[in-house]
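In this note's numbering, the protein residues as written are -7 to 450.
What follows is the structure, given as structure tokens:
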């Protein structure tokens, strides 16, 4: 993590200290006062609900720390060591940019509407056989989370594997200007963030704002089955090597699914690579693994190392995971939902064999723009009674459209429920022995907790 004298820090970010800085250094940085350790730099951020400045006094009673402080904020209590700056967030970002250039790792930036965290976790595991790898924990991928993570990166890091998440135009421009990627991975262009980016074309434009910030001799690895990525790249002078992956015949890397059970077994048709396996489910995870293979190959990993890393990789929680509970199985895909992610989850559900009954429990897809209702209706009408026995929707503004538009094919096996208790009560009327229950909704609906409630109740 960053270890810097205050006098050098001030040269980088500017600012005026209110204490004697001679001989004083900070080690690491934090925005959450609960996670502070001695000698860390505290960076208070003014958020929508919480102002970090209000926690410094309490934090100082427990730790020896120094804090940045917004010039236009109320003055800190007497005796608290602070550095006054114009904007604490911009200072944090500037310091992170300095530090990553000082450490100078190979930077892999991962973006896309879906699959970023899965690719980050799989790739980090694969690369660890050759490199000292840094990855931010969780999904610290925003204008706040990414820079604070970078400041806690080890100085001996050789490869930094970074998620870059966006909500607005300009977000990717900022993040990639901090990190300056050597390799960028674009997983897909879905319907997430349409509230602000309005169209899939807008999403592609926003995602590819990283292009001007790529280092020399860089590589862009992208889903070649998504024409919007190529179309957007054509609008920029791209000096990077371009590597595509996907199911289409023109891609650089083409996988083929062999089997889908407790794990996913596949091969590469192009270039030919046999015997690949990952502890994940779904075509979308096979494509994520293929992106990892492409990236690891660019970083000169032998295929045996790649194959071993894929087999060892563990996916984050609540992402298309098969979980047993007695004689009932759950396909837990509760992390988030949007049209592309839901269709991928349903394809996985349809492809899993050996179950007497399959049940889909669906909730709202949020943040998908003004045509949200249409997306719910379309997926409801697409649900296949040949591959699914029951479809239940839960509360929310839009979810009822799933079952309203599925009723023509499912009849009384497509039902909407206003609360968890009614849903669980109905599940108890079904013979669930040998069943597979699929749950998916946007993260804020807490379907992970709904799944636990079902497990406790049936």
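Beta carbons are placed, not taken as given, at the ideal position from N, Cα and C, and that holds for glycine.
C-alpha gap between residue i and residue j, whole angstroms
i	j	result
residue 436	residue 117	29 Å
residue 98	residue 85	19 Å
residue 33	residue 438	34 Å
residue 451	residue 219	In the structure as shown, the chain begins at -7 and stops at 450. Residue 451 is therefore absent and cannot be evaluated.
residue -1	residue 166	26 Å
residue 226	residue 405	48 Å
residue 282	residue 245	7 Å
residue 31	residue 109	31 Å
residue 359	residue 137	20 Å
residue 268	residue -5	42 Å
residue 127	residue 100	10 Å
residue 26	residue 48	10 Å
residue 69	residue 129	33 Å
residue 3	residue -3	10 Å
residue 277	residue 412	30 Å
residue 143	residue 21	6 Å
residue 476	residue 23	Residue 476 is absent from the structure shown; the chain starts at -7 and stops at 450.
residue 16	residue 317	55 Å
residue 373	residue 303	37 Å
residue 11	residue 73	6 Å
residue 13	residue 50	22 Å
residue 327	residue 434	7 Å
For residue i, the residue or residues it bridges with in DSSP
i	result
residue 61	76
residue 324	313 and 431
residue 408	385
residue 17	-3
residue 255	Paired residues: none, contrary to the question.
residue 155	102
residue 234	212
residue 349	427
residue 176	101 and 212
residue 246	262
residue 268	258
Presumed contact (8 Å Cβ cut-off) between residue i and residue j, rounded CB distance
i	j	result
residue 380	residue 350	5 Å
residue 60	residue 35	5 Å
residue 238	residue 336	Actually they do not touch by this definition, with Cβ atoms about 14 Å apart.
residue 279	residue 308	Between residue 308 and residue 279 the Cβ distance is about 17 Å, and since that is not below 8 Å, they are no contact.
residue 203	residue 287	Actually they do not touch by this definition, with Cβ atoms about 17 Å apart.
residue 113	residue 133	Their Cβ separation, rounded to whole angstroms, is 13 Å, which puts residue 113 and residue 133 out of contact at 8 Å.
residue 194	residue 105	The pair is not a contact, with the Cβ atoms about 12 Å apart (cut-off 8 Å).
Check whether residue i and residue j have beta carbons under 8 Å apart
i	j	result
residue 95	residue 125	no
residue 88	residue 221	no
residue 368	residue 398	no
residue 430	residue 314	no
residue 329	residue 357	yes
residue 344	residue 385	no
residue 352	residue 390	no
residue 45	residue 62	yes
residue 75	residue 9	yes
residue 401	residue 377	yes
residue 428	residue 418	no
residue 440	residue 310	yes
residue 150	residue 123	yes
residue 208	residue 164	no
residue 243	residue 251	no
residue 305	residue 259	no
residue 145	residue -7	yes
residue 371	residue 341	no
Among the options, nearest to residue i - alpha-carbon criterion
i	options	result
residue 312	44, 366 and 253	253
residue 331	73, 180 and 194	180
residue 426	102, 347 and 134	347
residue 403	449, 382 and 123	382
residue 388	432, 130, 72 and 43	432
residue 6	22, 83, 316 and 100	83
residue 38	80, 16, 14 and 22	80
residue 448	198, 93, 416 and 434	416
residue 301	215, 285, 234 and 292	285
residue 230	24, 201, 256 and 121	201
residue 293	115, 71, 40 and 362	115
residue 223	192, 28 and 249	192
residue 234	130, 276, 18 and 174	174
residue 272	317, 325, 289 and 290	325
residue 213	103, 145, 270 and 168	103
residue 319	361, 206, 374 and 450	450
residue 188	216, 158 and 217	158
residue 361	340, 442 and 160	160
residue 298	65, 13, 119 and 443	119
residue 290	41, 211 and 29	211
residue 111	215, 78, 190 and 140	215
residue 55	41, 28, 395 and 66	28
residue 217	240, 196 and 168	240
Chain C contact for residue i (CB, 8 Å cutoff)
i	result
residue 307	The structure shown has no chain C; it contains just one protein chain.
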